[in-house]
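Structure first, then comments.
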């Protein structure tokens, strides 16, 4: 989903940056509040960022014969709410733009919008909606659809900037969608499964931290624990 | 829980390996190339006059250096995540050594056990 350096016209690059900045400010303030009021949760927050670091480094083959990568932003979104992921995802994207020439500084705003804003918000909303079907199911669909949403946004961003000379915006949407969307489906499933694995480990070993950040309450895990007692 | 996780990781492995075994790359000039690069190529095809107006400040000088930095990215993330889970696992169950020192757990030797 990385739009390469210089591959958005200046106006588009500036517009996506302007859209992303408020989310970054809100995310940074939320992170500052978490480290002030819930110091115990800081390490969990760093781990959510670390998960995005690992997953977005893994380029995985897909059934379309091309490779793409997961985003890893769904985990932090369901644990902390979506706003913190704007900052954590931006750090990942900045690392890749500066050290790997993957993505870029001019396209950073657009890439932050898809991977670090829309993906986490879709993941969080999906988690809330699907939660009644079970925590594991909800985490799976949250991470999977968050990943897909990220790639759909990238598709839309490219189609807006580069409408097809013949078939226009719709044609470009189909073209870029063909490159990203189909490739991404199995990878989105992989991201969903891996996120469930990490949440399972957290539930097993890190109940106090989940309680601290309110995930226990949101996921209804606290009630289950009471019932067991 | 551990069993569930192993099943999930098994599924992940199947999904990763499956495309490599299926004949999905037939007719592709460059099998398993990156989707990001393909999108870039599609832009250049449809809009041959578009010139990127900004270049990356620095590019890894070779594929080796690039793979070094990608590995570094994954290693940093995995290292921190592993540290966190290991730390909390250690904190969540008291170690056996602590138990052994606890008089309630350690079998108390009394003089009755001692041979005469």
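Residue numbers (our numbering), protein chains in the order written: chain A, 23 to 251; chain B, 968 to 1083.
Ideal Cβ positions, reconstructed from N, Cα and C, are used throughout, including at glycine.
Nothing here was measured: the structure is a model prediction, and the numbers come from that model.
Anything in chain B within Cβ reach of residue 60 of chain A, meaning under 8 Å, just list it in chain order.
-> Taking the first residue of the first chain as 1, we reach residue 60 of chain A at position 38. The premise fails here: residue 60 of chain A is roughly 15 Å from chain B at the closest Cβ pair, so nothing lies under 8 Å.
Going by DSSP, which residues form a beta bridge with residue 148 of chain A?
-> Here residue 148 of chain A refers to the residue found at position 126 of the first chain. Note: residue 148 of chain A sits in no beta bridge, so no partner.
Tell me, to the nearest whole angstrom, how far the beta carbon of residue 26 of chain A is from that of residue 126 of chain A; I am working on the premise that it is less than 8 Å.
-> Taking the first chain and counting its residues from 1, one reaches residue 26 of chain A at position 4. Taking the first chain and counting its residues from 1, one reaches residue 126 of chain A at position 104. Sure, about 6 Å apart at Cβ, within 8 Å.
At a Cβ threshold of 8 Å, is residue 117 of chain A touching chain B?
-> Taking the first chain and counting its residues from 1, one reaches residue 117 of chain A at position 95. So yes, residue 117 of chain A belongs to the interface.
Under 8 Å from the C-beta of residue 197 of chain A: neighbouring residues of chain B = For the purposes of this step, residue 197 of chain A is taken as residue 175 along the first chain, with counting starting at 1. 1009, 1013, listed in chain order.
Residue 202 of chain A beta carbon near the ligand PLP (any heavy atom closer than 7 Å) | What this structure holds is no ligand at all, so the ligand PLP is not there to describe.
Which residues bound the alpha helix (DSSP H) around residue 69 of chain A?
-> Counted from its first residue, the first chain places residue 69 of chain A at position 47. Counting along the chain, the alpha helix (DSSP H) containing residue 69 of chain A begins and ends at 64–79.
Quick one: what's residue 1000 of chain B bridged to in DSSP?
-> The residue you call residue 1000 of chain B lines up with position 33 of the second chain. Per DSSP, A:88.
Beta-carbon of residue 64 of chain A versus every beta-carbon of chain B: anything under 8 Å?
-> Counting from 1 along the first chain, the entry for residue 64 of chain A is found at position 42. No, because no Cβ of chain B sits closer than 8 Å to the Cβ of residue 64 of chain A.
Chain A residues whose Cβ lies nearer than 8 Å to that of residue 1026 of chain B = On the second chain, residue 1026 of chain B is found 59 positions in, with the first residue counted as 1. 123, listed in chain order.
Which class does residue 44 of chain A belong to by DSSP, given the choice of helix, strand or coil?
-> Working through the first chain from its first residue, we reach residue 44 of chain A at position 22. In the structure shown, residue 44 of chain A sits in a helix (DSSP, three-state: H, G or I).
Burial state of residue 128 of chain A, where buried means 16 or more other Cβ atoms lie within 10 Å = The count along the first chain starts at 1 and reaches residue 128 of chain A at position 106. The residue is buried, with at least 16 neighbouring Cβ atoms inside 10 Å.
Apply the 10 Å Cβ neighbour rule to residue 1029 of chain B and answer buried if 16 or more other Cβ atoms are within range, or exposed otherwise.
-> Stepping through the second chain from its first residue, residue 1029 of chain B is reached at position 62. Looking at its Cβ environment, which holds fewer than 16 other Cβ atoms inside 10 Å, residue 1029 of chain B is exposed.
Scan the segment 142–210 of chain A and note each continuous alpha helix (DSSP H) run of 4 residues or more that stays entirely inside, going in chain order.
-> 157–183
Note down, in chain order, each residue of its chain lying with its Cβ closer than 8 Å to the Cβ of residue 1033 of chain B, except the 5 sequence neighbours on either side.
-> On the second chain, position 66 is the one that residue 1033 of chain B refers to. Taken in chain order, the residues that qualify are 1027.
Element boundaries [alpha helix (DSSP H), containing residue 113 of chain A] = Position 91 of the first chain holds residue 113 of chain A. Taken as a continuous stretch (DSSP letters only), the alpha helix (DSSP H) holding residue 113 of chain A covers 105–121.
Using a Cβ cut-off of 8 Å, which residues of the segment 39–61 of chain A contact any Cβ in chain B, in chain order?
-> none
Residue 986 of chain B lies in the alpha helix (DSSP H); which residues open and close that run?
-> Position 19 of the second chain holds residue 986 of chain B. Start and end: 969–988.
Interface residues of chain B facing residue 89 of chain A [CB-CB closer than 8 Å] | Locating residue 89 of chain A in the first chain gives position 67, counting from the first residue. What residue 89 of chain A touches in chain B: 999, 1000, 1001, 1002.
Quick one: is residue 988 of chain B near chain A, going by C-beta distance under 8 Å?
-> Position 21 of the second chain holds residue 988 of chain B. Residue 988 of chain B does not count as touching chain A.
Residue 1031 of chain B versus chain A: which residues are under 8 Å apart at the beta carbon?
-> Working through the second chain from its first residue, we reach residue 1031 of chain B at position 64. None at all; the shortest Cβ gap to chain A is about 13 Å.
Under 8 Å between beta-carbons, which chain B residues line up against residue 212 of chain A? List them in chain order, please.
-> Position 190 of the first chain, counting from 1, holds the residue named residue 212 of chain A. Here the neighbours are 979, 982, 983.
Would you call residue 59 of chain A buried or exposed, if buried means 16 or more other Cβ atoms sit within 10 Å of its Cβ?
-> For this step, residue 59 of chain A is matched to residue 37 along the first chain. Exposed, since its Cβ has fewer than 16 Cβ neighbours within 10 Å.
Cross-chain neighbours of residue 226 of chain A in chain B, by beta carbon under 7 Å | For the purposes of this step, residue 226 of chain A is identified with residue 204 of the first chain, where counting begins at 1. Within 7 Å Cβ-Cβ: 968.
Answer yes or no: does any C-beta atom of chain A fall closer than 8 Å to that of residue 1006 of chain B?
-> Position 39 of the second chain holds residue 1006 of chain B. Yes, because at least one Cβ of chain A sits closer than 8 Å to the Cβ of residue 1006 of chain B.
For residue 210 of chain A, which of A:42, A:179, A:94, A:36 has the nearest alpha-carbon?
-> Taking the first chain and counting its residues from 1, the one referred to as residue 210 of chain A is at position 188. Looking at the Cα atoms, A:94 is the closest of the given residues.
Looking at the structure shown, is residue 250 of chain A part of a helix, part of a strand, or coil, going by DSSP?
-> Sequence index remark: in the first chain, residue 250 of chain A carries index 228 (1-based). Because residue 250 of chain A carries a pLDDT of 45, less than 50, the predicted location of this residue cannot be relied on, and the following value inherits that uncertainty. The answer is helix: DSSP assigns residue 250 of chain A an H, G or I state.
From what residue to what residue does the alpha helix (DSSP H) around residue 1038 of chain B run?
-> If you number the second chain from 1, residue 1038 of chain B lands on position 71. Its alpha helix (DSSP H) spans residues 1030–1059.
Exposure label - residue 166 of chain A; buried when at least 16 CB within 10 Å | On the first chain, position 144 is the one that residue 166 of chain A refers to. Label assigned to residue 166 of chain A: buried.
Going by other Cβ atoms of all chains shown within 10 Å of its Cβ, with 16 needed for buried, is residue 981 of chain B buried or exposed?
-> Here residue 981 of chain B is taken as the residue at index 14 of the second chain, counted from 1. So residue 981 of chain B ends up on the exposed side.
Segment limits, alpha helix (DSSP H) that includes residue 234 of chain A | In the first chain, the residue the question calls residue 234 of chain A occupies position 212. Per DSSP, residue 234 of chain A belongs to the alpha helix (DSSP H) from 229–234.
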